[in-house]
Each structure stands twice: as C-alpha cells, then as structure tokens.
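Just so you know, the protein sequences line up as chains W and A, in that order.
Just so we're aligned: the first sequence equals residues -8 to 435 in our numbering.
Just so we're aligned: the second sequence equals residues 827 to 970 in our numbering.
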Amino acid sequence: MQAAILIESADDGLKSVAPDSVNSEWEFSDPRGRRVNAIVTSTRLLIALLAISASSGALADDPATEPLWHFGGFGTLGAGYHSQEDVVYRRDLEQAGGIEGDKLGFRLDTRIGLQANASFNPRWSTTIQAVSRLNSEGNWAPILSWGFVRYAPTDWLELRAGRLGADIYLEGDSRHVGYAYTAARPPTEVYGVVTQDRFDGADLTLRTPIGDGLGSVKVYGGQSRGDFYLYGQRVTQDDATTVGATIEWANDTLTLKAAWADIHARGDRSLVELRDALASVPLAQAQLRASQIQTSHHITFAGLSARYENGPWSLQGILARETFSQFPRYSGWGSSVVAGYRIGAWKPYLTWGRISFEPDDSALTLPAPAAALQVVYDRVVDRLTMNQRTFGAGVRYDFATDYALKVQIEKINASSSSILITPSGLPVRDASLTLFTVVLDFVF
Amino acid sequence: MPLMHLFTRRTLLTLVLAFVSGWARAETLAVIVHPSSGVDSLSREEASHLFLGRIKHLPSGTPAVVLDTKSLRADFYRALVNREMNEISAYWARLKFSGRTQPPEQIDDAESVLRRVAAERGTIGYVDAARVDKRVRVVLLLEY
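Next up, the structure:
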C-alpha cells in the first residue's frame, strides 16, 4: 500500500522538444526540477520497500538468519573511431553524444555498474544497482537501474516491486552489461530506440516446466523512467506509464521469447502549437491534420526473439515491431541477427541489424502565405524517420576469467536516422560509415 | 603399398585396445545431495535448471543451496549442458546483473563440497564419482 501511494505521488508532466528552427515557438518545462523529483521519489520508494522487506523477512517462517549480501559490478572501457565528418555515432537515442567523425572517442560504450544484493531468506531478497554512462544530458550522472524487493514463495511464482526494467531484452534485462553480450553492444537497430526501459512499479512472474525446458509468463507495470536526446535537447516523459508482458521458454540450448511493452504518455504538449496553427488555416486538410494531433500517445514494442547455444555455436535473432502513435504515427521493424563460434578463448562473430521506422502518409499542402508553417509541418512529419542497417564482424577474446576483449568493425548505412546525429543533435540523412570499436568488458 | 605395412594385425589390435581403454577411462561426475534432502534422483533437465539458476528449490521443496567445485566446473558444464566456461560466465552475467539470481557458490575443492553437502540439507553440488562416500547421496551421474 505504501509503495502504491508513493508511486502515485510521483510528479507528472511531460517535456518535449521541437526542431531547432521552431524551438522558440514552443514551451519547455523545467527538466532539472522534475528530474530531482523523480530521483527523490525513487529513493523514497526504495527505502519504503526495503523497510517492508526487512520486516517481512524477520516475520517469515524461514529460519531467521543474517542477510546474505553479494556485492559486485560490471563495466566496459570502450574506444571507437569512424571517419565520417558531421556524423555522431550513438548506440541509442538516450546518449547526448557518441563517436564523432575523424576523432577517437571513448564515450560510446564506456560504462560502469555497481550492484548490491541481499537475501534475507529463500523467499525475500533485494537488489540495488546503479549505472554510470553517457546520458541524455551529456554527463555521467548515475541512474538507479534496479532497486527492488523480491518475494518468491516458490519456484513458480515471483513478485518484485520497486525500480524495475522492461523485460524486452533477450540477453538479460539490461542493455548495459557488455560482458553478457557476444558483440560489443546490444543491437542498435532493435534496442536503440527503446530507452524508456525502466519503471517504478511491480512485476509478477509465473513459471512452469514445459517439455525439457521451463516456461514463464511475466506481467509488469508502473511509472516510466528513461529519456531521449533528440534535436539537441533532452526529452523525458515523467507522466508516462509502462505496462508489458513476456512469454518465455528456455531449455539448455534454446531460448524463445515474445515480449510486448507499451509506454503511454498523456500530457505531451510538444505539438500543441503546431495543432493550433494548423487549426487556424481555412483548409479542410489542415483541419484534419490538426484533429489528428493528440497530447496522448503510445510507444509500443512487440518482439519475437530466439537464442540457440550449443557447443561452440551461438546464434540469436530478434524481430520487433515498434510503433509511436504521436502524430503522424510512426511504425516499423527492428531486426537483428548475431552468430558466433567459439574456438577456445576466441569467439569470432558476425552481426546484422536493420531498422525501418516510417511515418504514416500525412501529406499536406498549405497555401503560399503559410510557407513557414509548411516547413515546420514537414519537419515534424519527418522528425523520427529511420532507415538504417548495419553489417559487422568481430572477435571476442576471453583472455582471463571475467574479462573479455572485443574488436569489432561495422559498416553502417543510413538513408535517414535519429540514432546517428549531427554534432548539433539533428537527425542524419544519407550517411555511410565504417565504425571501428575496441571494448574491454569485465565483471567483478 | 608401404602404408599397408602400418596396419598389421598387431597395430590394429593396439589401436582397438587404446580405444577401449580410453572409453573405459571416461571420468564420471556425481551430483550429490544430503541423504535426508528428500531427493532420490534428478533428471538432467532438473539438474540444469538448478545449476543454471532457473529454479531454486529441490524437487522435494527444500530451498536449494547450489555449489560449484571450482576445479571441475569446466568438465561439469560441458557434460551437463555442452557449454564452455566462458559462455557460462556470460550467462551468469546476464542473470546476476539483471537482478534475477546469483550464481552458485564457488568452492575450491571437492572435500569441502562433500563436507558442505553432508552438513546442510538443501545443499547440492558435484564431485568426482570416485570420491563419493556415505555422507552424501548421488542423484545424477554425468560422464565426461
């Protein structure tokens, strides 16, 4: 109950941005204040949950013992280079920077995470994890990536509450643990556009044996956390809610997963001024477009994935349908394949990824006096269009226990991309580049 | 045909004997539990669910404490799930840092594993089958 009250008390509101050319016409709310509120709310939520957990642990039937603590962490030291001027390579929409053309860069993959886990008894445990990486404000302020209490009375039922992650990833529920991935980073074309992957809420998992494997169903929901860096600005939707469900089956060689997640923002006023301007144009088509602009929208991820691991072989594939219902409604597919073959400490691999993210047809021709509005309209319609594909090859070298060195080369072609940006943060059109990456992944 | 001289009857017999003795020398690992754990045997699937952290209770319902014998880990996971240790380490990084579960406790030597399993009811581990004694119960044998 206490947790529910705290979640409801979290701040609401939404900030968004417009193309640079129209920034001055649109209103932005104060990002700093809201962010601080969110952190305070999360901390209060976590403290409350820890208190509930500690008291419940003491009252449980299980033999009273001291909590069993585990401390650990993970990290990546990464370096990258490409020669394409005026293009910044990012691994996801969250980063306010990346690898700039003709410069050796270290900000793309480098990150570090610390985690503490306490088991109070076989039923109750808690996990806290913080990650520092280049964020949407261009600094390295750590985020609370996990902070939950788990109650698992049996193997077949698990309930968690607190700061959680949307269960959309095939390789564990995190995009930050480089050591867990065969390649240098998770596939950009699938996960690069879904960075609102944390929420404050709860999840429930049911498991059952099916054949020689284990099947599970998970449902989750809560208040969204996460943000983007687009058009030179940080974009966040602190009033958004996340709901999702996952069905998974895994045995020793095969993992099959179907994941669905929906992020619903209700107070997005970023296009309100455009809507009002269109509504004032005495043209039926303009009125129609104005009526299509809503302050409520959904970001939806629906993915199918499979991982096969047997002997030296590992193969994984993901196909995801991604939609953004804000005007003019974007939809598309993200897909990725990674294949690797282990030879002792070495694991050469190939990667392939593609994203297409297109706006619905929303043609509008405004009369000549509204030429300025026409420019803004056309930019808004095209603001998130993406067509990008990557083919890569690399080798992972597990040279010591808990350390992996990866050297990777990728050819990236993008007719349009918001993941790739210009140095001023604008989307990139017609870019082709070769990215060289070296990362050192470690866990401890 | 000089090569034919290599395959005299004696040579062939030597090769067959070498193959048979090699086969007979296949090592066996024993998955062991406490005698009063309520578990008489485990299937390979049940063992992999436990050692890969997918389930956390023995079939009898007792909460499981899973132990790795450091010196035998590579052979054990190759025999159980046909995966190399580097892949197992990456697997545990996925689970551990996504807040799912903790990897097995790492124990240096087989005697310590035997002592722990003999002393704690929910503990499950593995040792060389030749080392098993009355203190523990064997629930699965794996050749490697």
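Backbone N, C-alpha and C define an ideal beta-carbon position, used for all residues, glycine too.
All values derive from a computational prediction rather than experimental measurement.
The contact set of residue 106/W on chain A, defined by CB atoms closer than 9 Å, consists of 922, 923 and 925 in chain order. Among the residues facing chain A, residue 72/W is not included, as its CB has no counterpart in that chain under 8 Å away. For residue 171/W, at least one C-beta of chain A is nearer than 8 Å to its own C-beta. In this structure, the beta-carbon distance from residue 146/W to residue 860/A does not fall below 8 Å.
Between residue 165/W and chain A, the shortest Cβ-Cβ separation is below 8 Å. Comparing alpha carbon positions, the residue from 339/W, 124/W, 59/W and 387/W closest to residue 927/A is 59/W. The beta carbon of residue 212/W sits closer than 6 Å to the beta carbons of 192 and 234 from its chain, once the five residues preceding and following it are set aside; these are given in chain order. Between the region 288 to 297 of chain W and the region 879 to 898 of chain A there are fewer than three inter-stretch CB-CB distances shorter than 8 Å, so the stretches are not counted as touching. Sequence-ordered contacts of the region 896 to 911 of chain A with chain W read 907, 908, 909 and 910 [C-beta pairs closer than 7 Å]. Restricting attention to 189/W, 296/W and 265/W, the CA atom closest to the CA of residue 281/W is found in 265/W. What residue 928/A touches in chain W, judged by beta-carbon distance under 8 Å, is 61, 108 and 110, going in chain order. Per DSSP, the unbroken beta strand (DSSP E) holding residue 299/W starts and ends at 288 to 301.
Contact of residue 156/W with chain A is assigned, a C-beta pair being separated by under 8 Å. Secondary structure of residue 58/W (DSSP, three-state): coil. Interface flag for residue 860/A against chain W is unset, since no Cβ pair is found closer than 8 Å. Chain A places no beta carbon closer than 8 Å to that of residue 191/W, leaving this residue out of the contacts. The C-alpha of residue 854/A lies about 15 Å from the C-alpha of residue 959/A.
According to DSSP, residue pairing for residue 101/W in a beta bridge does not occur. By alpha-carbon distance to residue 80/W, the top candidate from 423/W, 434/W, 430/W and 144/W is 423/W. About 22 Å separates the CB atoms of residue 874/A and residue 947/A; that is not less than 8 Å, and the two are not in contact. Nearest neighbour of residue 240/W by Cα position, chosen from 225/W, 228/W, 267/W and 205/W, turns out to be 205/W. Judged by DSSP secondary structure, residue 248/W falls within the beta strand (DSSP E) whose first and last residues are 245 to 256.
Cβ-Cβ distances below 7 Å link residue 398/W to 385, 386 and 429 in the same chain, with the five nearest sequence neighbours on each side left out; the list follows chain order.
For the region 281 to 311 of chain W, residues whose beta-carbon sits nearer than 9 Å to a beta-carbon of chain A comprise 300, 301, 302, 303 and 305. Within a 10 Å sphere around the beta-carbon of residue 243/W sit 16 or more other beta-carbons, which makes this residue buried. In terms of beta-carbon proximity, residue 956/A stays away from the interface with chain W, with every pair separated by 8 Å or more. For residue 368/W, no beta strand (DSSP E) run applies; the uninterrupted alpha helix (DSSP H) run containing it begins and ends at 362 to 372, by DSSP. With fewer than 16 other CB atoms across the displayed protein chains lying within 10 angstroms of its CB, residue 869/A is exposed. Counting C-beta pairs closer than 8 Å gives three or more between the region 116 to 129 of chain W and the region 137 to 155 of chain W, which meets the contact rule. Residue 199/W is classed as exposed because its beta carbon has fewer than 16 other beta carbons within 10 Å across all chains shown. Boundaries of the beta strand (DSSP E) around residue 329/W: 321 to 332. Residues are counted here when their Cβ sits less than 7 Å from a Cβ of chain W; for the region 875 to 894 of chain A these are 875, 880, 881, 882, 883 and 889, given in chain order. Residues 879, 894, 918, 921 and 922 of the same chain have their beta carbon placed closer than 8 Å to that of residue 929/A, with the five preceding and five following residues left out of the count. Less than 8 Å separates the beta-carbon of residue 372/W from that of residue 353/W.
DSSP places residue 855/A in the uninterrupted beta strand (DSSP E) bounded by 854 to 859.
Judged by DSSP secondary structure, residue 266/W falls within the alpha helix (DSSP H) whose first and last residues are 263 to 270.
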